[in-house]
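Going by my numbering, the letters in the sequence shown line up with residues 439 to 814, in that order. In this text, a Cβ means the ideal position worked out from N, Cα and C, and glycines have one as well. For clarity, every value in this text was computed on a predicted model and none was experimentally measured. The next block holds one structure in the form of structure tokens; read it before the comments.
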Amino acid sequence: MKKRWDCLIIGAGAAGIGIGTVLKELGLQHYAILERHSIGASFGMWPDEMRLITPSFTSNAYGMLDLNAVALNTSPAYTLNTEHPTGQEYAKYLQALSDYHELPVHCGIEVIEVQQEADGFCVTTSTGDWHARFVIWAAGEFQYPRLGAIPGSEYAIHNSQVTSWAALEGEQVVVIGGYESGTDAAIHLSRSGKKVTMLDRRSRLLDKGSSDPSMELSPYTKDRLRQEIQYGRISFIGGCEVQWIEPEPNGGYNIYCEDDHGKQHVIHSEATPILATGFSGSLHLIEHLIQRSGNGAVKLGPADESLITPGLFVSGPSVMHDQLMFCFIYKFRQRFAVIAHRIGTLLQYDVSRLEHYRREGMFLDDLSCCQENCTC
439 MKKRWDCLII GAGAAGIGIG TVLKELGLQH YAILERHSIG ASFGMWPDEM
489 RLITPSFTSN AYGMLDLNAV ALNTSPAYTL NTEHPTGQEY AKYLQALSDY
539 HELPVHCGIE VIEVQQEADG FCVTTSTGDW HARFVIWAAG EFQYPRLGAI
589 PGSEYAIHNS QVTSWAALEG EQVVVIGGYE SGTDAAIHLS RSGKKVTMLD
639 RRSRLLDKGS SDPSMELSPY TKDRLRQEIQ YGRISFIGGC EVQWIEPEPN
689 GGYNIYCEDD HGKQHVIHSE ATPILATGFS GSLHLIEHLI QRSGNGAVKL
739 GPADESLITP GLFVSGPSVM HDQLMFCFIY KFRQRFAVIA HRIGTLLQYD
789 VSRLEHYRRE GMFLDDLSCC QENCTC
């Protein structure tokens, strides 16, 4: 007979480990977390110099959970003894969390396909089929960079494919994209003594705009950028739409752009251009089971459940509700207990034990309170 799990979590990153911890506290016995690499693998793939932009601080005793924690009564700041952990350090925090709670993580298993069946789902993997009543998709985004959007992008390198910024060759480089990834790349390239030109669709960089950090550079990034700009190695060209990239016969690369007025420009890069163009994410692997809005965002029900496939949930940075983006850890962790509550209710568990998550700010089921409210 085929073994049937109550729930399968796909991915053992921040979302997978976080929600796995909540399910463990709820009392689920028959669930598993499937990971194709190792726990926190995406964080381990970050460039050596890259750090979490949200600060970690041990504030638990005063009723404020560390911004980078994915489980109650934990703090990466305390575990790692640092404020802005590297990706490699944060992966150690996730591993420690899994070890402490003895989470049922199965590594080295690649998910190939998810199909709905009469009593739940069949998850086809590199080790065979796994069957479950519920599936939580927590595979994340970092391992799925957005490539090929710009003609000639094969001549560039995506920021997620860089091991260390200090190891890149060349004295002058162009970074395509001016949000967090692009700005972080420019900062570290400048610190290595390279001259950097940033190209971005937006016309502003350090100006204040939205108070939602999902829409603006973080204060941590702005502080580092201001410090680095004073050395004159970073220049920014805003309102610039990159059309294509091609190699220059005499060496280097030409990036062809169009500005807001329709004027064409050619920017030369001595070194391989950097694509900081974001991530397509892992949801394309379950595209047939989800519904998207006009802007391409996944459309989810009140408990982050697929609108067209009951029993399939999405957790992590891809979650959106209308204009609300849950792309930071401190945001999407607030939805773990919401999903767990829905699954626990359907499995007839005592979900009252999840109420303390609400008191700790990790059970956000009323989204009417989420809005910009900074007045100064």
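Straight-line Cα distance separating Gly-608 from Gly-690
Working through the sequence shown from its first residue, we reach residue 690 at position 252. Working through the sequence shown from its first residue, we reach residue 608 at position 170. Using only the alpha carbons, I get a separation of about 9 Å.
Where Cys-678 falls: helix, strand or coil (DSSP)
By one-based count along the sequence shown, residue 678 stands at place 240. Secondary structure at Cys-678: strand, using DSSP grouped into helix, strand and coil.
Answer yes if the region 503–517 comes into contact with the region 465–475, meaning at least three C-beta pairs across the two stretches below 8 Å, and no otherwise.
With fewer than three CB-CB distances shorter than 8 Å, the region 465–475 does not count as touching the region 503–517.
Looking only at its own chain, which residues have a Cβ that is under 8 Å from the Cβ of Gly-449, when we skip the five neighbours before and after it?
One-based indexing of the sequence shown puts residue 449 at position 11. The residues are Ile-471, Leu-472, Glu-473, Trp-575, Ala-576, Ala-577, Gly-578, Ser-720 and Gly-754.
Give the single residue among Ser-480, Leu-785 and Trp-568 whose Cα lies nearest to the Cα of Ala-453.
Translated into positions along the sequence shown, residue 453 becomes position 15. Here the closest residue by C-alpha is Ser-480.
Give the straight-line distance between the Cα atoms of Ile-491 and Ser-656, rounded to the nearest whole angstrom.
For the purposes of this step, residue 491 is taken as the residue at position 53 of the sequence shown. For the purposes of this step, residue 656 is taken as the residue at position 218 of the sequence shown. Computed Cα separation, rounded: 7 Å.
The beta strand (DSSP E) with Ser-628 in it runs from where to where?
Here residue 628 refers to the residue found at position 190 when the sequence shown is read from its first residue. Not the beta strand (DSSP E): Ser-628 falls in the alpha helix (DSSP H), residues 618–629.
DSSP on Lys-632, reduced to helix/strand/coil?
The sequence position of residue 632 within the sequence shown is 194, counting from 1. In this structure, Lys-632 counts as coil in the three-state DSSP scheme.
Give me the DSSP bridge partner(s) of Tyr-469.
In the sequence shown, the residue the question calls residue 469 occupies position 31. By DSSP's assignment, Tyr-469 forms a beta bridge with Cys-445.
Measuring CB to CB, does Asn-597 end up less than 8 Å from Ile-712?
Here residue 597 refers to the residue found at position 159 when the sequence shown is read from its first residue. Here residue 712 refers to the residue found at position 274 when the sequence shown is read from its first residue. In this structure, Ile-712 lies closer than 8 Å to Asn-597 by Cβ.
Note down, in chain order, each residue of its chain lying with its Cβ closer than 8 Å to the Cβ of Pro-523, except the 5 sequence neighbours on either side.
On the sequence shown, position 85 is the one that residue 523 refers to. Closer than 8 Å at Cβ, skipping near neighbours: Arg-489, Leu-490, Ser-494, Asn-506, Pro-514 and Tyr-531.
Bridge-paired residues (DSSP) for Cys-560
Within the sequence shown, numbered from 1, the residue matching residue 560 stands at position 122. Partner(s): Gln-553 and His-569.
Nearest-angstrom Cα distance between Gln-668 and Phe-717?
As a position in the sequence shown, residue 668 is number 230, starting the count at 1. As a position in the sequence shown, residue 717 is number 279, starting the count at 1. Pairing Gln-668 with Phe-717, the inter-Cα distance amounts to about 30 Å.
In DSSP terms, what Tyr-694 is bridged to:
On the sequence shown, position 256 is the one that residue 694 refers to. Looking at the DSSP assignment, Tyr-694 forms a beta bridge with Trp-682 and Val-704.
His-544 to Phe-766, Cα distance in whole Å?
To locate residue 544, count along the sequence shown from 1; it is residue 106. To locate residue 766, count along the sequence shown from 1; it is residue 328. So the two alpha carbons sit approximately 25 Å from each other.
CA-CA distance, Leu-805 and Trp-682?
The residue labelled residue 805 in the question sits at position 367 within the sequence shown. The residue labelled residue 682 in the question sits at position 244 within the sequence shown. For Leu-805 and Trp-682, the distance between alpha carbons rounds to 41 Å.
So, with DSSP's three-state summary, where would you put Thr-813?
In the sequence shown, residue 813 corresponds to position 375, counting from 1. Low local confidence applies: a pLDDT of 49 at Thr-813 is under 50, so the model's placement there is unreliable, with the coordinate-based value given in what follows. Thr-813: coil per DSSP, three-state reduction.
With Cys-695 and His-706 assumed to form a contact (beta carbons below 8 Å), what rounded beta-carbon distance in angstroms separates them?
Start at 1 with the first residue of the sequence shown, and residue 695 comes out as number 257. Start at 1 with the first residue of the sequence shown, and residue 706 comes out as number 268. Contact flag wrong, Cβ pair sits at about 12 Å.
Quick one: residues in its chain with C-beta nearer than 6 Å to the C-beta of Ile-746, no 5 flanking neighbours on either side, listed in chain order?
By one-based count along the sequence shown, residue 746 stands at place 308. Listed in chain order, the non-local C-beta contacts of Ile-746 below 6 Å within the same chain comprise Gln-729, local neighbours out to five positions each way being set aside.
Can you tell me the Cα-Cα spacing of Arg-780 and Pro-485, whole angstroms?
For the purposes of this step, residue 780 is taken as the residue at position 342 of the sequence shown. For the purposes of this step, residue 485 is taken as the residue at position 47 of the sequence shown. Between Arg-780 and Pro-485, the C-alpha separation is close to 37 Å.
Of the listed residues Asp-638, Gln-554, Arg-642 and Ile-625, nearest to Ile-672 (C-alpha basis):
Within the sequence shown, the letter at position 234 stands for residue 672. Nearest of Asp-638, Gln-554, Arg-642 and Ile-625 to Ile-672, Cα basis: Ile-625.
Run the CB neighbour count on Lys-441, radius 10 Å, all protein chains shown included, and call it buried at 16 or more, exposed below.
Looking up residue 441 in the sequence shown gives position 3. Counting Cβ neighbours within 10 Å, Lys-441 comes out exposed, since fewer than 16 surround it.
Considering only their Cβ atoms, is the gap separating Trp-443 from Ala-604 smaller than 8 Å?
The residue you call residue 604 lines up with position 166 of the sequence shown. The residue you call residue 443 lines up with position 5 of the sequence shown. Cβ distance not < 8 Å, so Ala-604 and Trp-443 don't count as in contact.
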